[in-house]
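Asks: Residue numbers (numbering that gives the first Met the number 0), protein chains in the order written: chain A, 0 to 221; chain B, 0 to 221; chain C, 0 to 221; chain D, 0 to 221. Glycine residues also receive a C-beta, built at the ideal position from the N, C-alpha and C atoms. It should be emphasised that the depicted structure is a prediction, and the values quoted were computed from it without experimental measurement.
Protein chains: 4
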Amino acid sequence: MSHCARINCRVAKFNVMDKIIMSSEKQLSFKRTEVRNRIITAAGEVFKTNGFQASSISAIAKKAKVADGTIYLYFKNKEELFIVVLDLMMEDILDNVHDQVKRVDNPIEKILKFYDVIIEFFTNNHSFAKMAILEVNQVKKGILVSTGLPSYYKYLNYISNLCHQAIRKGFIREIDTESFSIMVFSCIEYIIRLWIYSDYKTDTHKLRKKVLNILIYGIIRY
Amino acid sequence: MSHCARINCRVAKFNVMDKIIMSSEKQLSFKRTEVRNRIITAAGEVFKTNGFQASSISAIAKKAKVADGTIYLYFKNKEELFIVVLDLMMEDILDNVHDQVKRVDNPIEKILKFYDVIIEFFTNNHSFAKMAILEVNQVKKGILVSTGLPSYYKYLNYISNLCHQAIRKGFIREIDTESFSIMVFSCIEYIIRLWIYSDYKTDTHKLRKKVLNILIYGIIRY
Amino acid sequence: MSHCARINCRVAKFNVMDKIIMSSEKQLSFKRTEVRNRIITAAGEVFKTNGFQASSISAIAKKAKVADGTIYLYFKNKEELFIVVLDLMMEDILDNVHDQVKRVDNPIEKILKFYDVIIEFFTNNHSFAKMAILEVNQVKKGILVSTGLPSYYKYLNYISNLCHQAIRKGFIREIDTESFSIMVFSCIEYIIRLWIYSDYKTDTHKLRKKVLNILIYGIIRY
Amino acid sequence: MSHCARINCRVAKFNVMDKIIMSSEKQLSFKRTEVRNRIITAAGEVFKTNGFQASSISAIAKKAKVADGTIYLYFKNKEELFIVVLDLMMEDILDNVHDQVKRVDNPIEKILKFYDVIIEFFTNNHSFAKMAILEVNQVKKGILVSTGLPSYYKYLNYISNLCHQAIRKGFIREIDTESFSIMVFSCIEYIIRLWIYSDYKTDTHKLRKKVLNILIYGIIRY
DNA sequence: GATGAATGAGCTTTCATTCAT
DNA sequence: TATGAATGAAAGCTCATTCAT
Numbered sequence: 000m001s002h003c004a005r006i007n008c009r010v011a012k013f014n015v016m017d018k019i020i021m022s023s024e025k026q027l028s029f030k031r032t033e034v035r036n037r038i039i040t041a042a043g044e045v046f047k048t049n050g051f052q053a054s055s056i057s058a059i060a061k062k063a064k065v066a067d068g069t070i071y072l073y074f075k076n077k078e079e080l081f082i083v084v085l086d087l088m089m090e091d092i093l094d095n096v097h098d099q100v101k102r103v104d105n106p107i108e109k110i111l112k113f114y115d116v117i118i119e120f121f122t123n124n125h126s127f128a129k130m131a132i133l134e135v136n137q138v139k140k141g142i143l144v145s146t147g148l149p150s151y152y153k154y155l156n157y158i159s160n161l162c163h164q165a166i167r168k169g170f171i172r173e174i175d176t177e178s179f180s181i182m183v184f185s186c187i188e189y190i191i192r193l194w195i196y197s198d199y200k201t202d203t204h205k206l207r208k209k210v211l212n213i214l215i216y217g218i219i220r221y
Numbered sequence: 000m001s002h003c004a005r006i007n008c009r010v011a012k013f014n015v016m017d018k019i020i021m022s023s024e025k026q027l028s029f030k031r032t033e034v035r036n037r038i039i040t041a042a043g044e045v046f047k048t049n050g051f052q053a054s055s056i057s058a059i060a061k062k063a064k065v066a067d068g069t070i071y072l073y074f075k076n077k078e079e080l081f082i083v084v085l086d087l088m089m090e091d092i093l094d095n096v097h098d099q100v101k102r103v104d105n106p107i108e109k110i111l112k113f114y115d116v117i118i119e120f121f122t123n124n125h126s127f128a129k130m131a132i133l134e135v136n137q138v139k140k141g142i143l144v145s146t147g148l149p150s151y152y153k154y155l156n157y158i159s160n161l162c163h164q165a166i167r168k169g170f171i172r173e174i175d176t177e178s179f180s181i182m183v184f185s186c187i188e189y190i191i192r193l194w195i196y197s198d199y200k201t202d203t204h205k206l207r208k209k210v211l212n213i214l215i216y217g218i219i220r221y
Numbered sequence: 000m001s002h003c004a005r006i007n008c009r010v011a012k013f014n015v016m017d018k019i020i021m022s023s024e025k026q027l028s029f030k031r032t033e034v035r036n037r038i039i040t041a042a043g044e045v046f047k048t049n050g051f052q053a054s055s056i057s058a059i060a061k062k063a064k065v066a067d068g069t070i071y072l073y074f075k076n077k078e079e080l081f082i083v084v085l086d087l088m089m090e091d092i093l094d095n096v097h098d099q100v101k102r103v104d105n106p107i108e109k110i111l112k113f114y115d116v117i118i119e120f121f122t123n124n125h126s127f128a129k130m131a132i133l134e135v136n137q138v139k140k141g142i143l144v145s146t147g148l149p150s151y152y153k154y155l156n157y158i159s160n161l162c163h164q165a166i167r168k169g170f171i172r173e174i175d176t177e178s179f180s181i182m183v184f185s186c187i188e189y190i191i192r193l194w195i196y197s198d199y200k201t202d203t204h205k206l207r208k209k210v211l212n213i214l215i216y217g218i219i220r221y
Numbered sequence: 000m001s002h003c004a005r006i007n008c009r010v011a012k013f014n015v016m017d018k019i020i021m022s023s024e025k026q027l028s029f030k031r032t033e034v035r036n037r038i039i040t041a042a043g044e045v046f047k048t049n050g051f052q053a054s055s056i057s058a059i060a061k062k063a064k065v066a067d068g069t070i071y072l073y074f075k076n077k078e079e080l081f082i083v084v085l086d087l088m089m090e091d092i093l094d095n096v097h098d099q100v101k102r103v104d105n106p107i108e109k110i111l112k113f114y115d116v117i118i119e120f121f122t123n124n125h126s127f128a129k130m131a132i133l134e135v136n137q138v139k140k141g142i143l144v145s146t147g148l149p150s151y152y153k154y155l156n157y158i159s160n161l162c163h164q165a166i167r168k169g170f171i172r173e174i175d176t177e178s179f180s181i182m183v184f185s186c187i188e189y190i191i192r193l194w195i196y197s198d199y200k201t202d203t204h205k206l207r208k209k210v211l212n213i214l215i216y217g218i219i220r221y
């Protein structure tokens with residue numbers, strides 16, 4: 000899965016070179032990193048398939064080829080594991096999105112691109128969308144973690160930055176960029192949620208276009 | 000709670016007159032309605048206090064003074080009960096909101112009023128907000144997928160209507176009113192969610208103002 | 000097992016006559032009593048065989064032919080179940096002991112008889128002895144319940160009564176009967192414990208005789 | 000705690016002199032002894048604070064500044080460690096008690112003194128009492144069965160010796176001293192146990208006096 | 001000898017839902 | 001219709017012990 004590139008990458012990036020260079024102390028750390036990655040990768044797959052509640056630690060452990068207890072040497076509990084996994088995935092997605100956004104020059108076009116690519120990604124990844132939009136609410140202490148996802152702030156910042164650029168270059172009026180970021184975020188999430196609720200049947204294209212229209216209309220300079 | 004007036008009202012509105020008119024068959028139906036209302040009222044209180052997961056059918060049955068099994072004669076399961084209760088509450092709120100919106104004349108002011116009153120209501124009702132914004136996601140999606148909250152559509156329609164009026168009277172441009180309704184809804188929900196996530200500590204006033212600014216700016220006619 | 004007579008008896012004592020007399024209401028109560036007894040009997044066997052810790056609720060439920068959860072309709076938790084079972088058994092033993100003690104006339108002989116019969120019983124019932132003397136300490140909240148076994152006080156009272164009789168009839172001096180009861184109890188328990196610790200190998204006869212000698216010597220009137 | 004003097008002492012008594020004298024082979028042995036003592040001291044504190052069950056090997060290892068696995072180089076398992084620790088503590092207490100008993104001349108007074116000082120000690124050391132009287136029963140019996148606490152025999156011997164002296168000097172009749180020792184032991188233990196069960200609330204003074212009265216009455220010569 | 005990461009067995013309790021009465 | 005006793009599935013997490021390094 001492309002959006003997991005970072006995770007897999009982290010596993011993969013320990014190449015032969017690394018092994019040679021590593022001191023005995025580093026090797027230990029390598030082993031730990033390797034196990035941790037196995038767990039994260041396995042958890043990602045299991046969570047995506049079954050959702051948070053229905054995923055059992057045993058299943059994850061089995062897939063990661065470690066003992067159940069081992070998971071608790073790396074993560075405080077199931078919830079923390081979920082959050083870490085989700086956060087890493089979200090970061091990967093942002094990296095991906097950025098790759099596409101940076102190819103566009105016009106500041107407003109960048110925002111449009113961001114908006115489109117994200118929604119596109121979610122609609123292309125059923126199970127991940129469900130995990131990131133719905134399952135996250137099943138994490139009991141979610142109340143405190145959900146907005147605590149480090150990646151969440153990266154997203155907001157990213158949009159904010161796009162806005163600042165657009166403002167500086169005179170493309171949009173001097174809005175509160177943070178509020179606008181939140182609006183974009185909430186609209187994207189809501190569109191995806193409606194789509195999930197419809198059992199992935201509705202076509203999001205029209206809705207997303209119309210919403211975007213109002214969003215942009217609300218910030219451009221005349 | 001005044002916003003629950005409808006629920007209680009439904010219990011109350013079977014007055015003496017009704018009783019006289021009722022045939023023996025109707026009386027049965029009356030009994031059923033009365034029991035159903037007892038269950039709904041009890042469930043409302045229990046759900047608000049403990050949230051969806053932590054509320055047990057036993058507790059609701061006890062409070063409604065019926066047997067556990069009886070609840071299943073009126074509702075398919077715990078989830079359906081929750082949805083029904085939530086839906087009735089949401090309807091009541093809309094009635095309330097409408098009472099305040101209709102006192103305003105200017106079509107745009109009406110939208111502003113709607114937006115403000117709803118947010119105000121949620122921030123004044125911690126436990127209800129949590130139930131309607133967060134708990135609702137703990138209900139197995141299936142139920143929401145197929146039906147959705149009926150009241151949800153009433154809300155969307157309500158905003159749509161306000162928009163249509165505003166369009167007709169030339170106050171705002173010809174936007175897609177449904178999309179705008181969804182946007183308003185998603186933004187309100189998101190603002191409340193952030194507030195809940197912050198443990199009811201952040202002040203929503205600034206954020207809600209800035210978001211509203213962009214929303215309105217996105218639809219007005221220059 | 001004879002010492003379980005009461006338990007089985009309670010199951011058995013609902014004979015045909017009872018059934019006829021029972022109103023529908025009583026039948027319910029009968030059903031409940033019957034189930035409760037099945038659980039108690041099953042638990043008694045399982046606890047005796049495996050001890051408290053190693054006995055699982057599932058095993059007891061299976062043997063009692065009820066669902067796991069059913070046990071919790073009758074007992075708060077595993078510990079309460081253990082205590083109830085142990086207490087009933089202890090009562091049965093006391094009944095048995097009494098049957099033998101009452102055949103003796105001399106007040107001091109009664110005390111000797113009591114002492115002997117109890118130790119005899121324990122040494123004839125390995126597994127029960129272990130349960131009553133050792134396992135009881137594995138009940139976590141044992142600290143509060145252990146002396147709270149209703150049967151415990153019956154034992155103390157029983158010995159006290161024997162003493163009072165002996166005092167009244169001038170056979171022993173005016174000692175504090177409660178203290179003496181506790182001493183008898185503690186000595187019996189300790190002798191049994193030593194015997195259990197020795198893996199049931201040592202012969203308790205000599206020790207019990209010598210201890211009894213000092214106990215009696217300490218209370219008789221010269 | 001003064002009664003742990005022996006344990007600490009064993010750590011401390013390897014002074015500079017020892018180090019000089021030790022051959023390389025002895026130094027190894029010294030190192031082992033030192034580590035063993037660190038473990039014992041740490042375990043003593045942890046066990047006293049948390050009880051047997053709730054004390055984890057990790058916690059002990061951490062406090063002793065060794066690795067978890069290291070503990071298993073010195074002790075077969077957690078239970079053996081507990082027994083060793085408890086045994087050493089019990090020995091220390093006996094040393095202490097002896098210091099006070101030897102100041103008394105009259106053989107019977109010695110026995111009284113022993114009885115009083117031990118109970119006094121336990122009631123002044125909540126956590127130790129719990130450990131020695133209750134926790135010890137949570138250790139799988141196997142360990143106690145075969146060996147028993149070595150210090151246990153020292154206690155019995157000690158009382159036996161006091162008795163022998165008293166018999167020789169004609170203060171008490173010719174009882175079986177071992178049985179009497181066991182009785183004293185069992186009564187002390189029981190009194191303390193009742194006190195622990197009462198959550199350290201009951202006053203043991205009256206009970207202990209009355210029990211002692213019967214004990215002594217049972218052995219004195221008229 | 002020392003380390004400490006890894007193991008993996010083990011089990012109570014809750015509660016939505018059913019169904020005999 | 002109403003009852004409420006009975007069902008039984010379901011799974012997180014700990015921690016004593018081992019063993020490769």
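1. State buried or exposed for C/Thr-48, treating a residue as buried only when at least 16 other CB atoms are found within 10 Å of its CB.
2. In the DSSP assignment, find the alpha helix (DSSP H) that holds C/Tyr-189 and state where it starts and stops.
3. Helix, strand or coil: how does DSSP classify B/Ile-215 here?
4. In angstroms with no decimal places, state the Cα-to-Cα distance between C/Pro-149 and B/Arg-35.
5. Label A/Arg-192 either buried or exposed according to how many other C-beta atoms from any shown protein chain fall within 10 Å of its C-beta, with 16 as the threshold for buried.
6. Rounded to a whole number of angstroms, what is the C-alpha to C-alpha distance between A/Val-84 and B/Thr-122?
7. Below 8 Å between beta carbons is the criterion; list the residues of the stretch 53 to 80 of chain A that meet it against any residue of chain B, in chain order.
8. Jot down the residue ranges of each uninterrupted alpha helix (DSSP H) in the stretch 50 to 96 of chain B, minimum 4 residues, whole runs only, in chain order.
9. Exposed or buried, which one is A/Asp-91 when buried takes at least 16 other CB atoms within 10 Å?
10. Closest by CA to A/Lys-168, which one among A/Gly-68, A/Ser-28, A/Asp-94, A/Glu-108?
11. Mind checking B/Ser-159: buried by the 16 CB within 10 Å criterion, or exposed?
12. Please list the partners that C/Cys-162 has in chain D, where partner means a Cβ-to-Cβ separation under 7 Å.
13. Please compile the residues from chain B whose C-beta is within a distance smaller than 7 Å of the C-beta of A/Cys-182.
14. Can you pull the chain D residues whose beta carbon is under 7 Å from the beta carbon of C/Ser-178, in chain order?
15. Taking the C-alpha atoms as reference points, what is the distance between D/Glu-44 and B/Val-138?
16. Out of A/Asn-105, A/Ile-39, A/Ile-59, A/Lys-62, which one is the CA nearest neighbour of A/Ile-166?
17. Among residues of its own chain, excluding the 5 on either side of A/Thr-203, which ones have a beta-carbon nearer than 7 Å to its beta-carbon?
18. According to the Cβ coordinates, are C/Tyr-114 and C/Leu-211 closer than 8 Å?
19. Just reading off the alpha helix (DSSP H) that A/Ile-107 is part of, what are its end residues?
20. Is the beta carbon of D/Phe-51 closer than 8 Å to that of D/Phe-81?
21. Check whether the Cβ atoms of C/Phe-179 and D/Ile-213 lie closer than 8 Å to each other.
22. Check the Cβ-Cβ distances between A/Ile-171 and every residue of chain B, and say whether any is below 8 Å.
23. Please name the residue in C/Gly-217, C/Glu-177, C/Leu-155, C/Lys-209 whose C-alpha comes closest to that of D/Lys-205.
24. Label B/Ala-63 either buried or exposed according to how many other C-beta atoms from any shown protein chain fall within 10 Å of its C-beta, with 16 as the threshold for buried.
25. Cβ atoms of B/Ala-42 and B/Met-89: under 8 Å apart, would you say?
26. Identify the residues that DSSP records as bridge partners of C/Ile-171: which are they?
27. Return yes when the Cβ of D/Ile-56 is within less than 8 Å of the Cβ of D/Ile-38, no when it is not.
28. What residues in its chain sit with their C-beta under 6 Å from that of B/Val-183, if we drop five residues either side in the sequence?
29. What does B/Ile-226 reach in chain A if we use C-beta pairs closer than 8 Å?
Replies: Well, looking at it:
1. exposed
2. 176 to 196
3. helix
4. 46 Å
5. buried
6. 32 Å
7. none
8. 56 to 63, 67 to 73
9. buried
10. A/Glu-108
11. buried
12. What C/Cys-162 touches in chain D: nothing, since even the nearest Cβ is about 11 Å away.
13. Here residue 182 of chain A is Met; the residue named in the question, Cys, does not match the sequence. Neighbours of A/Met-182 on chain B, chain order: Cys-186, Val-210, Ile-213.
14. Leu-206, Lys-209, Val-210, Ile-213
15. 49 Å
16. A/Asn-105
17. Ile-118, Thr-122, Ile-190, Trp-194
18. yes
19. 106 to 123
20. yes
21. yes
22. no
23. C/Glu-177
24. buried
25. no
26. C/Ile-219
27. no
28. Ile-158
29. Missing from the structure shown is residue 226 of chain B; chain B here goes from 0 to 221 and no further.
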